[in-house]
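Enquirer: For the record, the sequence lines run as chains P and X.
Just so we're aligned, residue 1 is where the first sequence starts under UniProt numbering, counting upward by one.
Just so we're aligned, residue 1 is where the second sequence starts under UniProt numbering, counting upward by one.
Backbone N, C-alpha and C define an ideal beta-carbon position, used for all residues, glycine too.
Note that the coordinates shown come from a computational prediction; the quantities given were computed from them, not determined experimentally.
The structure under discussion is supplied below as structure tokens; questions concerning it will follow.
Protein chains: 2
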Amino acid sequence: MRKKRTTIYDIAEKLNITASSVSRALNNSNYVNENTKKLILKTAAELNYKRNTIASNLRSGQSKTIGIVVPRINQNFFANVIAGIEDATYEKNYNLIICQSNEQEEKEVKCVNTLINQQVDCIVISVSADSHDHTHLKNVIEHGIQLIQFDRVVDELETLKVINDNEQASLEAVSHLIEQGYKRIALLEGPQNLDIFKQRKAGYLKALKKHKIPVVHDLIIENAWTKELGAEGTRKLLSMPKPPDAIFASTSDFSALGVLEVATAMGFKVPSELGICGYSNEAFTEITSPSITTIDQFSIYMGKTIANLYFQEMENKETEVIPKIISIKPKLIIRSSTSRKG
Amino acid sequence: MRKKRTTIYDIAEKLNITASSVSRALNNSNYVNENTKKLILKTAAELNYKRNTIASNLRSGQSKTIGIVVPRINQNFFANVIAGIEDATYEKNYNLIICQSNEQEEKEVKCVNTLINQQVDCIVISVSADSHDHTHLKNVIEHGIQLIQFDRVVDELETLKVINDNEQASLEAVSHLIEQGYKRIALLEGPQNLDIFKQRKAGYLKALKKHKIPVVHDLIIENAWTKELGAEGTRKLLSMPKPPDAIFASTSDFSALGVLEVATAMGFKVPSELGICGYSNEAFTEITSPSITTIDQFSIYMGKTIANLYFQEMENKETEVIPKIISIKPKLIIRSSTSRKG
DNA sequence: TTGTATGCGTTATCAA
DNA sequence: TTGATAACGCATACAA
């Protein structure tokens, strides 16, 4: 069923020249007669010739392909980062191979290996939640493949990194809550083996300390990073004898949504009796009632940054000093769910 | 910087055998001594050998890669379809190359050509809004590459297709509105060069006809397929001397959201004075107030269906009759924005 | 069961 | 400016 494709030999044969000349013309080399070049290009178009990138890649030893591994493709943040990367790489004729780890280390390892097999030039990864062993990532480096971590990074691995300043963002969010007069602020935290969640917690603690508010450990709920878990944690919190007057869902807006739903169901008024702050600026946070205060991570921009970082690193090998870690400052988006003053 | 990778020759050399034996062992051929096979596999692991998929693909003439072209990666529906495809193809060790056309025909053509160059085995595409010429798609077929269209398909192109039954879904949605007592039902329609939007309009017209409601052309708003355009159309509709009592935003939930915002701002009560129905079951439709009635397209399932369709088609070449078009019946999700009866 | 030889389509090097 | 040839790494038909 697969018909034979036109190759440079077909073109050469038809024009009574050699494949080398055809190859040169197709690559716009200067060492071809202008007229034969035109003729070759014309014939190539007539024969509907398409370059065999695989053969070309095998010969040249590079694939012009970037591999991406994310926990889930269809999560807003990741989809946006990928879109950003695609945008920036498209112009340079790079391809993207996308894999999702489904938050499982085992699948993550398989994905990474596949990408190594594929001879990708660069692997961009945000590690999965249950990722603990990192030999597969070291392997990437050993194979001479550029490794760029983003968002969820493994700190001890010395690679290029593009991250959000999570601690600062959390600090600002919690400070904002305090300024709004909230005094018992609860934290929904994410898996602490992921640095991003550690940092968000650190920002929370820092804000409390800065404002001399004591840390109440009962107000910190572990592993509340889905809507359901967020809801569950909220039920617990709001049933306490002294419930919190604000909840910082540091894991995600989904978790914050869980908070909002439970709070509303339990008759707590938002924001007057309970302040809510999420994380990620998912589209829906703007249209809930009340709308949810959250933190924008500039995800598309983050993708573009990742791509450009790679290109820079390629171009100036050892000629320029390149920052190894790019930290993007997220932005606190203040909305109704935390606005009880002016 | 890129170190030399281990090849089958390195393994062969080390074990004093030939590359063919190594190749056979690595491919789990039966024509290798069990012991040497074990030895080879062990040595391969020791040397951190990774198969060069590019070379392998060049040799075997197939790439085990599926190319995907969608208007936007970070749109919920497409992200979900891709996630579904990834899920189903991952087990079979297929790779995905993802491109976005940004709704531009020119970029779509470039994407498709890149994928042809990459020797992908299959191209999965949902055409962009301004797509008119389809020679690039015919080209895919001419190159012996399996072409699967989904959602936004070009009808006249005889390829495998996975679609939603848009007409039926719209018919049900509008019928539901009528049953709820709405009498002047407006339609926000999408670009009519895309079949999906034609079909949705057809469903709308069919429902009116079925219930003997006359078509009022002023109630049909063209090209209202973003939140902004939906809002604009709604302002127009609700300013009419005889405004509609329901709006079917057949293009998307975003458009429906625009309707809801404008309606609320203009003081129309939803659903009592104005019914609203969207399309796609975006996550946010569940949490607006009121929640929005919409149509679920089973996007992840759609992705899996696409992948399985490809595998079936590959396996039973000419042995079985395969349906060329798979139509998935979307589901009407009735929520508050249209519920004014018991 | 193993080895030999060849080709997949392209490009780089060298010679003409 | 063009042509001949080798090489990228792997897989397979054929011979041994």
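Tell me the DSSP secondary structure of L260 of chain X in three-state form.
Expert: Three-state DSSP puts L260 of chain X in a helix.
Enquirer: Note the first and the last residue of the continuous beta strand (DSSP E) segment covering K50 of chain X.
Expert: Premise fails: K50 of chain X is in no beta strand (DSSP E) and is neither H nor E.
Enquirer: For the segment 178-264 of chain X, list the beta strand (DSSP E) runs that are entirely contained and at least 3 residues long, ordered along the chain.
Expert: Counting whole runs of 3 or more residues, the segment 178-264 of chain X contains the beta strand (DSSP E) stretches 185-188 and 246-249.
Enquirer: Residues in its own chain within less than 8 Å of K269 of chain P by CB, not counting five upstream and five downstream?
Expert: Nothing meets the Cβ criterion.
Enquirer: Determine the extent of the alpha helix (DSSP H) in which V153 of chain X is found, giving its start and end residues.
Expert: Segment: none, V153 of chain X is in no alpha helix (DSSP H) and carries neither H nor E.
Enquirer: Just checking: is the beta-carbon of E108 of chain X within a distance shorter than 8 Å of some beta-carbon in chain P?
Expert: Not an interface residue.
Enquirer: Excluding the five sequence neighbours on either side, which residues of its own chain have a C-beta within less than 7 Å of the C-beta of M302 of chain P, listed in chain order?
Expert: The residues are V81, G84, F150, V162 and I328.
Enquirer: For a quick check, are the C-beta atoms of C111 of chain X and C122 of chain X less than 8 Å apart?
Expert: Cβ atoms of C111 of chain X and C122 of chain X: not closer than 8 Å.
Enquirer: Does any residue of chain X have a CB that is nearer than 8 Å to the CB of Q119 of chain P?
Expert: So, interface residue.
Enquirer: Mapping the DSSP letters down to three states, classify I287 of chain P as helix, strand or coil.
Expert: Correct three-state label for I287 of chain P: coil.
Enquirer: What would DSSP say about S84 of chain X, mapped onto helix, strand or coil?
Expert: Per the sequence shown, residue 84 of chain X should be read as Gly rather than Ser. DSSP places G84 of chain X in helix when its eight states are reduced to three.
Enquirer: Less than 8 Å between the beta carbons of F78 of chain X and S126 of chain X, yes or no?
Expert: Contact: yes.
Enquirer: Could you give the distance in angstroms between the alpha-carbon of P244 of chain X and the alpha-carbon of L274 of chain X?
Expert: Taking the straight line from one Cα to the other gives about 8 Å.
Enquirer: Report back the beta-carbon spacing between I178 of chain P and I213 of chain P to the nearest angstrom; my notes put them in contact at under 8 Å.
Expert: I178 of chain P to I213 of chain P, Cβ: 7 Å. Contact.
Enquirer: Near residue 343 of chain X, which residues of its chain fall below 8 Å by C-beta distance, leaving aside the five closest residues on each side in sequence?
Expert: A query on residue 343 of chain X cannot be resolved here, the shown segment of chain X reaching from 1 to 342 and no further.
Enquirer: Quickly, what does DSSP pair D296 of chain X with across the bridge? List them, please.
Expert: DSSP output for D296 of chain X lists X:S280 and X:K331 as bridge partner(s).
Enquirer: Do you know offhand how far G278 of chain X's Cα is from G258 of chain P's?
Expert: Roughly 24 Å separates the two Cα atoms.
Enquirer: At a CB-CB cut-off below 9 Å, which residues of chain P make contact with E86 of chain X?
Expert: The contacting residues are I73, I98, C99 and Q100.
Enquirer: With respect to the alpha helix (DSSP H) encompassing I11 of chain X, which residues constitute its N-terminal and C-terminal limits?
Expert: Taken as a continuous stretch (DSSP letters only), the alpha helix (DSSP H) holding I11 of chain X covers I8 to L15.
Enquirer: When you compare the CB positions of I66 of chain X and V109 of chain X, do they come within less than 8 Å of one another, or not?
Expert: Not in contact: I66 of chain X and V109 of chain X (Cβ atoms no closer than 8 Å).
Enquirer: Where do the ends of the alpha helix (DSSP H) carrying T114 of chain X lie?
Expert: Element bounds for T114 of chain X: E105 to N117.
Enquirer: Going along the chain, which residues of its own chain have a beta-carbon closer than 7 Å to the beta-carbon of Y94 of chain P, five neighbours each way excluded?
Expert: Cβ neighbours of Y94 of chain P beyond the five flanking positions: K64, T65 and I66.
Enquirer: On the criterion of 16 or more Cβ atoms from any shown chain inside 10 Å, does N166 of chain P qualify as buried, or is it exposed?
Expert: So N166 of chain P counts as buried.
Enquirer: Decide if the segment 5-14 of chain X is in contact with the segment 35-44 of chain X; the criterion is three or more beta carbon pairs, one per stretch, under 8 Å apart.
Expert: Yes, since at least three Cβ pairs between the segment 5-14 of chain X and the segment 35-44 of chain X fall closer than 8 Å, the two stretches touch.
Enquirer: Would you please verify whether the beta carbon of N48 of chain P is less than 8 Å from any beta carbon of chain X?
Expert: It does; some Cβ of chain X falls within 8 Å.
Enquirer: Quick one: which residues of the segment 281-299 of chain X get their C-beta closer than 7 Å to a C-beta of chain P? List them in chain order.
Expert: Listed by position, the residues of the segment 281-299 of chain X near chain P (Cβ gap below 7 Å) are A283, F284, I287, T288 and S289.
Enquirer: Can you list, in chain order, the residues of its chain whose CB lies under 8 Å from that of Q104 of chain X, leaving out five sequence neighbours each side?
Expert: Taken in chain order, the residues that qualify are S128 and D130.
Enquirer: Counting C-beta neighbours from all protein chains within 10 Å, is the total for K50 of chain X 16 or more, i.e. buried, or is it exposed?
Expert: Its Cβ being crowded by 16 or more others within 10 Å, K50 of chain X is buried.
Enquirer: What does the Cβ neighbour count give for K138 of chain X, buried or exposed, with the cut at 16 atoms within 10 Å?
Expert: The residue is exposed, with fewer than 16 neighbouring Cβ atoms inside 10 Å.
Enquirer: Just how far apart, CA to CA, sit Q75 of chain P and Q75 of chain X?
Expert: Looking at the two C-alpha atoms, the distance is approximately 10 Å.
Enquirer: Is it the case that the Cβ atoms of L58 of chain X and I97 of chain P are separated by a distance below 8 Å?
Expert: No. Outside cutoff.
Enquirer: Please name the residue or residues paired with N164 of chain X in a DSSP beta bridge.
Expert: In DSSP, N164 of chain X forms a bridge with X:I328.
Enquirer: Apply the 10 Å Cβ neighbour rule to Q118 of chain P and answer buried if 16 or more other Cβ atoms are within range, or exposed otherwise.
Expert: The residue in question, Q118 of chain P, is buried, as its Cβ has 16 or more Cβ neighbours within 10 Å.
Enquirer: I believe P330 of chain X touches N164 of chain X by the beta-carbon criterion, under 8 Å. Please report the beta-carbon distance rounded to the nearest angstrom.
Expert: Contact flag correct, Cβ pair sits at about 5 Å.
Enquirer: Could you check whether the Cβ of I148 of chain P sits closer than 8 Å to any Cβ belonging to chain X?
Expert: Not closer than 8 Å to any Cβ of chain X, the Cβ of I148 of chain P fails to qualify, so no.
Enquirer: Please list, in chain order, all residues of the same chain as K38 of chain X whose beta carbon is under 6 Å from its beta carbon, the five residues on each side excluded.
Expert: Nothing listed; no residue qualifies.
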